[in-house]
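Asker: Have a look at this one before I ask anything.
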């Protein structure tokens with residue numbers, strides 16, 4: 147359980163953040179300059195708030211009213227930086243064991259070999275950080291923070307400095323850490339995809355203020371949140387269930403009350419809850435049942451909102467059975483189809499536009 | 577080879593001894609001062625910085641005279657020191673103090689730069705991993721500043737070998753006690769026919785200086801290789 151209620155003024159910037167979350171990954175989402183890294187530094191103890199408190203499992207880490215400030219080295223909070231910050235004078239193994247050395251012996255619950263195996267860094271142990279690639283460095287940094295057996299793990303845009311290929315390698319590792327090591331995580335990012343994939347709880351910061359709090363679908367599923375993004379970053383988040391697979395074609399069927407989606411590749415056993423991100427630019431709208439198309443994925447709903455933007459329109463559809471689907475179409479198409487709020491509509495999505503990157507498995511229930 | 581006289585050998589060993597003692601004794605203080613100047617914020621920091629650098633800009637004779645006033649037998653602290661058995665004036669130990677004071681700003685400057693060039697976030701990372709500030713200093717800051725610490729120590733050592741003004745003012749020029757290579761060369765130039773002796777000691781001084789520089793270069797390169805910044 148992490149509870150945050152802090153205020154800090156720094157060089158003209160004012161941060162006021164309050165949120166609490168008990169389970170899974172808490173994502174701090176916002177653009178640069180939103181105050182999300184500042185919040186992370188306050189949690190880690192690298193900065194002191196002017197006012198307020200931060201509590202972890204009921205214990206205050208800082209509480210200005212009560213005059214409590216636990217220095218960073220006594221907080222037992224692991225921090226993974228954007229640029230790994232491994233100690234250049236130590237080997238990978240020494241880096242990994244650094245934090246472990248300072249953890250009280252009886253609290254060294256996290257097993258060294260398990261971490262090495264999870265992160266796939268066994269072959270790097272003898273090397274020095276200067277001889278590692280960016281992705282390898284970040285794996286070691288995650289291992290180093292994890293092996294200090296922290297009560298809370300902080301990630302400060304851990305993937306921002308990596309290329310797409312490396313990101314795809316590291317994301318599943320963070321998911322694995324989330325699901326297998328029982329350490330609560332606060333994850334700072336400006337990438338909706340990362341946040342939706344990893345987090346069950348999102349705090350959206352903007353100009354130092356909390357703008358929205360909640361599950362990823364609620365937080366990102368509003369027109370206002372969509373209009374903040376550029377056209378290509380607008381997307382809907384759908385909660386669905388694995389309902390079957392077509393092994394011969396390598397497809398997985400996902401269920402939603404409004405229809406089904408076929409996903410290329412596996413997404414877990416039948417019944418698994420998954421979150422799917424659908425880019426608004428990948429959605430085609432149809433009025434009435436479409437004829438012969440290569441599209442296998444159709445979701446039905448009702449138009450609830452139109453936001454005109456130059457030649458384009460952002461169409462918001464309330465899907466049958468809950469959830470919102472956003473589609474970017476041209477104003478010309480809108481007028482030709484005569485789409486108006488209240489109309490029934492079908493959203494079509496290409497399977498090829500849904501890949502495993504767009505899928506997240508929410509943390510399984512403990513026990 | 578050079579046919580050095582026993583007195584000249586004495587001056588050489590004395591110089592080396594004074595320089596080594598001055599360097600080693602001032603090392604902890606130098607590291608502490610350098611780290612404080614690089615990382616801490618405290619009231620009077622500018623004044624502290626000024627005092628550390630004073631011997632660099634003052635005429636050496638003035639520094640020597642101040643030492644005499646402070647630490648001489650009848651000086652401000654000299655009487656107290658004599659009571660607890662420490663006599664510095666006109667002793668080789670006094671020469672070591674003078675050399676340490678003169679070399680101190682050079683030592684601190686090099687080390688300070690080295691501490692300042694360490695990425696602060698490495699020290700912050702160490703803190704979040706549970707290391708106390710003291711543990712962080714010894715496990716992260718000090719090893720990373722090692723090349724600069726070597727440079728600082730070498731500079732102080734070289735300065736101590738060549739120190740003349742402050743030393744001769746504070747502890748005079750007593751053969752066998754405070755007469756270093758520099759002082760001996762000076763003495764040679766003051767007597768007729770002393771040029772040969774001065775030349776011999778000059779050759780020795782050049783040899784020691786070169787050896788020191790090469791040794792420091794090797795140590796530094798090894799340290800940098802260890803830190804992986806050679807690519």
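Residue numbers (the working numbering), protein chains in the order written: chain A, 147 to 513; chain B, 577 to 807.
Backbone N, C-alpha and C fix where the C-beta goes; we use that ideal spot for every residue, glycine too.
#1: What separation, rounded to the nearest whole angstrom, lies between the Cα atoms of residue 234 of chain A and residue 275 of chain A?
#2: Round the Cβ separation of residue 587 of chain B and residue 760 of chain B to the nearest angstrom and send it over; I've been treating them as touching at under 8 Å.
#3: Can you tell which of B/753, B/589, B/678 has the C-alpha that lies nearest to the C-alpha of residue 729 of chain B?
#4: Could you give the distance in angstroms between the alpha-carbon of residue 607 of chain B and the alpha-carbon of residue 207 of chain A?
#5: Using the beta-carbon count (16 or more within 10 Å), is residue 512 of chain A buried or exposed?
#6: Excluding five sequence neighbours on each side, which residues of the same chain lie with their C-beta closer than 6 Å to the C-beta of residue 391 of chain A?
#7: Can you tell me where the alpha helix (DSSP H) holding residue 761 of chain B begins and where it ends?
#8: Which same chain residues end up closer than 7 Å to residue 338 of chain A when comparing Cβ atoms and leaving out the 5 residues on each side of it in sequence?
#9: By alpha-carbon positions, which one of B/727, B/754, B/731 ends up nearest to residue 740 of chain B?
#10: Between residue 711 of chain B and chain A, is the shortest Cβ-Cβ distance under 9 Å, so that the two count as touching?
#11: Which partner residues of residue 493 of chain A appear in the DSSP bridge assignment?
#12: Roughly how many angstroms lie between the CA atoms of residue 805 of chain B and residue 246 of chain A, to the nearest whole one?
#13: Nearest CA to the CA of residue 150 of chain A: which residue from A/158, A/157, A/162?
#14: Taking Cβ-Cβ distances below 7 Å as the criterion, which residues of the region 224-255 of chain A are in contact with chain B?
#15: Between A/204, A/364, A/154, which lies nearest to residue 185 of chain A when the distance is taken from Cα to Cα?
#16: Identify each residue in the region 683-708 of chain B for which the Cβ-Cβ distance to at least one residue of chain A is less than 8 Å, and report them in chain order.
#17: Got a sec: is the Cβ-Cβ distance from residue 874 of chain B to anything in chain A below 9 Å?
#18: Is it a yes or a no for the region 452-466 of chain A touching the region 478-493 of chain A, going by three-plus beta-carbon pairs under 8 Å?
#19: Any idea what DSSP makes of residue 629 of chain B, helix, strand or coil?
#20: Compare the C-beta of residue 719 of chain B with all C-beta atoms of chain E and state if any pair is closer than 9 Å.
#21: Which residues of the region 177-194 of chain A have a Cβ closer than 7 Å to any Cβ of chain B? Give them in chain order.
#22: Once DSSP output is grouped into helix, strand and coil, what is the label at residue 204 of chain A?
#23: So does the region 261-278 of chain A actually touch the region 196-207 of chain A, counting three or more Cβ pairs closer than 8 Å?
#24: Buried or exposed, going by whether 16 or more other CB atoms sit within 10 Å of the CB of residue 395 of chain A?
#25: Please list, in chain order, the chain B residues whose beta carbon lies closer than 8 Å to that of residue 218 of chain A.
#26: For residue 363 of chain A, write down the residues that DSSP places opposite it in a beta bridge.
#27: Between residue 282 of chain A and the rest of its own chain, which residues show a CB-CB distance below 8 Å, the 5 nearest in sequence each way excluded?
#28: Output needed for residue 430 of chain A: all residues of its chain with C-beta closer than 6 Å, excluding positions within five of it in sequence on either side, in chain order.
#29: Could you give the distance in angstroms between the alpha-carbon of residue 156 of chain A and the alpha-carbon of residue 710 of chain B?
#30: I'd like the span of the alpha helix (DSSP H) that includes residue 264 of chain A, first residue to last.
#31: Whose Cβ in chain A lies nearer than 7 Å to the Cβ of residue 802 of chain B?
#32: Counting only Cβ pairs nearer than 7 Å, list the residues of chain A close to residue 548 of chain B.
#33: I'd like to confirm something about residue 325 of chain A: is its beta-carbon nearer than 8 Å to some heavy atom of the ligand SAM, or not?
#34: Just how far apart, CA to CA, sit residue 615 of chain B and residue 305 of chain A?
#35: Going along chain B in order, which residues have a C-beta closer than 9 Å to the C-beta of residue 294 of chain A?
#36: Determine the direct distance from the alpha carbon of residue 696 of chain B to that of residue 518 of chain A, and round the result to whole angstroms.
Answerer: According to the structure shown:
#1: 6 Å
#2: 4 Å
#3: B/678
#4: 33 Å
#5: Any reading at residue 512 of chain A needs caution, since the residue's pLDDT is 41, under 50, leaving its predicted position unreliable; the model's value is listed next. Exposed, because fewer than 16 other Cβ atoms sit within 10 Å of the Cβ of residue 512 of chain A.
#6: 398
#7: 757-766
#8: 366, 379, 381
#9: B/754
#10: yes
#11: A/431, A/445
#12: Unreliable placement is indicated for residue 805 of chain B, whose pLDDT of 48 sits below 50; the coordinate value is still reported in the next sentence. Near 27 Å, if we compare the C-alpha coordinates of residue 246 of chain A and residue 805 of chain B.
#13: A/162
#14: 224, 225, 227, 231, 233, 234, 235, 244, 245, 248, 249
#15: A/154
#16: 695, 697, 698, 700, 701, 702, 703, 704, 705, 706, 707, 708
#17: In this structure chain B extends from 577 to 807, so residue 874 of chain B is not present and cannot be described.
#18: yes
#19: helix
#20: Looking for chain E here will not work: the only protein chains present are A and B.
#21: 190, 192
#22: coil
#23: no
#24: exposed
#25: 700, 703, 704
#26: Residue 363 of chain A is not bridged to any residue.
#27: 267, 270
#28: 494
#29: 28 Å
#30: 258-265
#31: 235
#32: Only positions 577 to 807 of chain B appear in this structure, which leaves residue 548 of chain B out of reach.
#33: In the structure on display, the ligand SAM does not appear, and there are no ligands present to speak of.
#34: 30 Å
#35: 704, 705, 706
#36: The shown model of chain A, from 147 to 513, leaves out residue 518 of chain A, and the question about it has no answer.
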